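Colleague: Dropping a structure here in structure tokens format, bear with me for questions.
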DNA sequence: CGATGCTTTGAACTATTTCAACCTTAGTGG
DNA sequence: CCACTAAGGTTGAAATAGTTCAAAGCATCG
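Protein chains in written order, with our numbering: chain A, 2 to 245; chain B, 2 to 245.
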């Protein structure tokens with residue numbers, strides 16, 4: 002059974018969307034066990050695996066990725082503390098992508114058998130877990146919009162806005178800044194760009210005075226202006242407590 | 002209550018993933034009501050709506066879309082018969098995107114109250130509905146990979162491969178071909194390209210002898226070659242019946 | 001101090017957009 | 001049955017965006 006603080010970031014996350022009962026908190030504590038640490042650049046889950054547990058990120062940055070035939074990598078999601086990385090594996094069974102730790106990660110595990118029990122005996126909690134996967138899907142859709150129809154600078158701006166809000170939920174921001182240890186090569190794999198171009202896009206945001214970004218720290222200099230530039234509307238993140 | 006044939010495409014879809022009991026089929030029949038027809042180019046749901054029902058597509062092609070500040074449109078998913086288009090609205094509540102009928106559509110409605118009942122009293126069926134949203138999320142991720150790291154021709158090839166398989170599930174293919182009434186402008190909004198370039202990419206696939214595409218019909222000339230070119234691995238579609 | 005792993009730069013090349021025109025197809029009304 | 005029209009498809013050429021390659025600059029760590 003999990004320490005109280007082990008599920009704390011998850012609680013912060015879920016309680017943004019709806020109220021949890023004591024019983025529900027207790028069920029989560031029962032379901033989530035065994036802490037695990039993964040070094041930066043190591044796989045947390047490998048494509049083709051059929052895991053029997055799902056991973057809850059407690060600290061660090063992790064991402065899903067696919068490798069194309071010519072060896073290029075594309076990240077398809079980016080995760081911060083309090084988020085399930087592969088909750089979907091509970092129902093999807095076989096991993097169609099890998100998951101990598103982009104920085105040193107602390108991870109808790111949830112047995113699929115325990116998740117199944119939640120769906121059978123705690124339907125409201127199950128709906129909130131379902132919602133977690135739906136919010137991730139909404140994030141993917143915004144990612145598609147940005148890749149397809151925004152400038153690269155606007156895409157990067159929206160990633161920064163979104164990350165800021167997701168980190169804020171779990172108290173990982175300090176003023177207008179947050180710790181962000183990804184290299185520009187990793188960022189390029191997020192945005193589907195070459196490293197060179199990624200670098201130039203970052204410089205655009207710097208030159209425009211939107212952000213400061215050095216030594217693994219991003220500082221937002223003017224939230225309003227950055228948000229307008231990114232056309233960032235946080236509605237899709239569903240940060241709003243209501244009965245679900 | 003729904004006609005038997007009203008939920009048939011949905012049953013075909015769900016039964017690809019796991020077995021359904023008679024009771025579960027009956028619950029779906031109870032949940033799914035009121036048929037509705039929507040003309041091509043009309044909105045099925047509008048951004049900002051808080052619908053009380055979710056839409057199941059019975060016939061036609063529909064898509065989610067977002068409009069950017071400068072008026073450009075990006076589609077973020079494409080749906081065929083047997084798929085829920087906005088099942089997520091049941092938990093997400095507020096639509097963060099619109100849904101448009103790309104061709105004349107026949108749609109059935111599922112009350113959110115009935116879906117809630119399913120989560121409370123039919124957990125296995127609820128998991129299969131959850132799975133439906135997870136498969137859609139997997140499709141979005143592949144879309145991101147294709148936009149970020151594949152050639153436009155390979156992206157288009159993979160869209161065609163995927164559509165073929167999804168249509169096959171609900172018996173909407175004839176030999177190697179299927180009816181596909183989207184204009185090249187609509188396709189451009191799927192791939193995030195200009196209409197001109199979209200046209201050139203289609204011509205590439207034609208010239209390479211992969212497909213024939215005219216008069217609203219796509220014919221795959223050599224499935225194996227197309228699949229290899231697209232690097233299409235259907236694993237992410239989860240077309241495999243197993244206990245969930 | 002000297003590696004090592006990012007980050008930054010320049011320049012040539014390729015992919016994609018834009019604009020403006022023209023072509024083709026499938027109706028529609030006479 | 002034909003002429004007309006509207007919508008969608010196709011083309012060329014110039015402009016912009018993004019990649020590639022190769023090198024140089026900058027931090028961090030032992």
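Quick reminder that beta carbons are idealized off the backbone N, C-alpha and C, glycines included. Fair warning: this is a prediction, and the values are worked out from it, not measured in the lab.
For residue 224 of chain A, count neighbouring C-beta atoms within 10 Å of its own C-beta (all shown protein chains included) and say buried if the count is 16 or more, exposed if not.
Modeller: By the neighbour-count rule (16 or more Cβ atoms within 10 Å), residue 224 of chain A is not buried but exposed.
Colleague: For the candidate residues A/42, A/206 and A/98, whose alpha-carbon lies nearest to that of residue 160 of chain A?
Modeller: The shortest Cα separation from residue 160 of chain A among A/42, A/206 and A/98 belongs to A/206.
Colleague: Chain B beta carbons: is any one of them nearer than 8 Å to that of residue 226 of chain A?
Modeller: Chain B contact via Cβ: absent.
Colleague: What residues of chain B sit near residue 166 of chain A, judged by a beta carbon separation below 8 Å?
Modeller: Under the 8 Å cutoff, chain B gives no residues; its nearest Cβ is about 14 Å from residue 166 of chain A.
Colleague: Which residue comes first and which comes last in the beta strand (DSSP E) that contains residue 112 of chain B?
Modeller: Segment 106 to 112, the beta strand (DSSP E) holding residue 112 of chain B.
Colleague: With distance defined between alpha-carbon atoms, name the residue in B/85, B/81, B/145 and B/226 nearest to residue 191 of chain A.
Modeller: For residue 191 of chain A, the nearest C-alpha among the options comes from B/145.
Colleague: Considering only the beta carbon of each residue, do residue 65 of chain B and residue 47 of chain B sit closer than 8 Å?
Modeller: No; because the gap between Cβ atoms is not below 8 Å, this pair is not in contact.
Colleague: Let me see if you follow: with CB-CB separation under 8 Å, is residue 148 of chain B close to chain A or not?
Modeller: Closer than 8 Å to some Cβ of chain A, the Cβ of residue 148 of chain B qualifies, so yes.
Colleague: Classify residue 202 of chain A: buried if its beta carbon has 16 or more other beta carbons within 10 angstroms, exposed otherwise.
Modeller: By the 10 Å Cβ count, residue 202 of chain A comes out buried.
Colleague: Check whether the segment 21 to 33 of chain A touches the segment 79 to 94 of chain A, taking contact to mean three or more Cβ pairs, one atom from each stretch, closer than 8 Å.
Modeller: At 8 Å Cβ cutoff, the stretches do not touch.
Colleague: Determine which residues of the segment 66 to 97 of chain B have a Cβ less than 8 Å from any Cβ of chain A, and write them out in chain order.
Modeller: Cβ contacts with chain A: 67, 69, 70, 73, 74, 75, 77, 78, 89, 92, 93, 94, 95 and 97.
Colleague: Of all Cβ atoms in chain B, is any one closer than 8 Å to the Cβ of residue 134 of chain A?
Modeller: Closer than 8 Å to some Cβ of chain B, the Cβ of residue 134 of chain A qualifies, so yes.
Colleague: Does residue 187 of chain A get closer than 8 Å to chain B when you measure Cβ to Cβ?
Modeller: Not an interface residue.
Colleague: Any beta carbon from chain B within less than 8 Å of residue 137 of chain A's own beta carbon?
Modeller: Yes, residue 137 of chain A lies at the interface with chain B (some Cβ there is under 8 Å from its Cβ).
Colleague: Looking at residue 129 of chain B: is its Cβ nearer than 8 Å to the Cβ of residue 83 of chain B?
Modeller: No, the Cβ-Cβ distance between residue 129 of chain B and residue 83 of chain B is not below 8 Å.
Colleague: For residue 212 of chain B, count neighbouring C-beta atoms within 10 Å of its own C-beta (all shown protein chains included) and say buried if the count is 16 or more, exposed if not.
Modeller: Counting Cβ neighbours within 10 Å, residue 212 of chain B comes out buried, since at least 16 surround it.
Colleague: For residue 150 of chain B and residue 74 of chain A, what's the separation of their Cα atoms in angstroms?
Modeller: Going from the Cα of residue 150 of chain B to the Cα of residue 74 of chain A covers about 7 Å.
Colleague: First and last residue of the alpha helix (DSSP H) that includes residue 73 of chain A?
Modeller: No alpha helix (DSSP H) contains residue 73 of chain A, which DSSP labels as neither H nor E.
Colleague: Could you check whether the Cβ of residue 120 of chain A sits closer than 8 Å to any Cβ belonging to chain B?
Modeller: It does; some Cβ of chain B falls within 8 Å.
Colleague: On the criterion of 16 or more Cβ atoms from any shown chain inside 10 Å, does residue 10 of chain A qualify as buried, or is it exposed?
Modeller: Residue 10 of chain A should be labelled buried.
Colleague: Compile a chain-ordered list of the residues in the segment 226 to 244 of chain A whose CB is closer than 7 Å to at least one CB of chain B.
Modeller: Flagged, chain order: 232, 236, 237, 239 and 243.
Colleague: Taking the alpha-carbon positions, what's the residue 25 of chain B to residue 26 of chain A distance?
Modeller: For residue 25 of chain B and residue 26 of chain A, the distance between alpha carbons rounds to 30 Å.
Colleague: Compute the beta-carbon to beta-carbon distance between residue 245 of chain B and residue 19 of chain B, rounded to the nearest angstrom, for a pair I have assumed lies under 8 Å.
Modeller: The Cβ separation is near 5 Å, so the contact holds.
Colleague: Give a yes or no on whether 8 Å exceeds the smallest Cβ distance from residue 193 of chain A to chain B.
Modeller: Yes, residue 193 of chain A lies at the interface with chain B (some Cβ there is under 8 Å from its Cβ).
Colleague: Identify which residue in B/227, B/230 and B/184 has its Cα closest to the Cα of residue 103 of chain B.
Modeller: Nearest option by C-alpha distance: B/184.
Colleague: Would you please verify whether the beta carbon of residue 114 of chain A is less than 8 Å from any beta carbon of chain B?
Modeller: No, no contact with chain B.
Colleague: When the distance is taken between beta carbons, is residue 220 of chain B closer than 8 Å to residue 152 of chain B?
Modeller: Cβ atoms of residue 152 of chain B and residue 220 of chain B: not closer than 8 Å.
Colleague: Exposed or buried, residue 239 of chain B, counting other C-beta atoms within 10 Å across all chains shown (16 or more means buried)?
Modeller: So residue 239 of chain B counts as buried.
Colleague: Going by C-alpha to C-alpha distance, which of A/38, A/154 and A/138 sits closest to residue 227 of chain A?
Modeller: Out of A/38, A/154 and A/138, A/154 has the C-alpha closest to the C-alpha of residue 227 of chain A.
Colleague: Fully enclosed by the segment 93 to 168 of chain A, which alpha helix (DSSP H) runs are 4 residues long or longer?
Modeller: Whole alpha helix (DSSP H) segments, 4+ residues: 113 to 122 and 124 to 150.
Colleague: Determine whether the beta carbon atoms of residue 156 of chain B and residue 142 of chain A lie at a separation below 8 Å.
Modeller: No, Cβ-Cβ distance for residue 156 of chain B and residue 142 of chain A is not below 8 Å.
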